[in-house]
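Notes follow the structure.
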Amino acid sequence: RLGALYTYWVPLGFVLAVTVIREAAEEIRCYMRDKEVNSQIYSKLTARGTVKVKSSNIQVGDLIIVEKNQRVPADMIFLRTSEKNGSCFLRTDQLDGETDWKLRLPVTCTQRLPTASDLLQIRSYVYAEEPNIDIHNFVGTFTREDSD
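With mature numbering (1 follows the signal peptide of the UniProt record, and there is no 0) applied, the sequence shown covers -25 to -1, 1 to 123.
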């Protein structure tokens, strides 16, 4: 025997306690960040006009208006922009770490609509691939059932 048992257990207990405290602090930070992101307010386009909705309450099929410098709250299909040429630049730094701006173009037939509220009048559906790890490519089809 080389020494008293406490000379082994005290340092081990200290290291374990510090590790548990650090992990707990990181979990609390993640929880607070998630709570902040999930409580951000967005405008949702409805038949009664626009209503405010928390990002945690956004559902599949909602028409969300994303303003300039606002985070995109979920996977979305870009239907319309206020720019006449239909262009939109966004950053994906929260997803892949790249800070350069990327050009995105909306669905052509929805960009040509006179107003955003006209999106509620068209009959259409979307086929989208299952979620996957590749954030740079998307396979999907937008089909408009009424006349263009």
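For glycine and all other residues, C-beta sits at the position ideal for the given N, C-alpha and C.
Shortest Cα-Cα distance from Asp68 to any of Arg55, Arg87, Ala103 and Val47 involves Val47. Leaving aside the five residues that flank Asp121 on each side, the residues in its chain whose CB is nearer than 7 Å to its CB run, in chain order, Ile97 and Arg98.
Beta bridge pairing from DSSP links Leu(-21) with no other residue. Apart from sequence neighbours up to five positions away, the residues of its chain that approach Pro106 with a beta-carbon distance below 8 Å are Asp50, ordered along the chain. Between the alpha carbons of Tyr102 and Cys5 lies a distance of about 33 Å.
For Thr118, the enclosing beta strand (DSSP E) stretches over residues Gly115 to Arg119. When the alpha-carbon of Thr74 is set against those of Thr83, Pro81, Val82 and Phe64, the nearest one is in Phe64.
Rounded to the nearest whole angstrom, the C-alpha separation of Trp(-17) and Glu1 is 26 Å.
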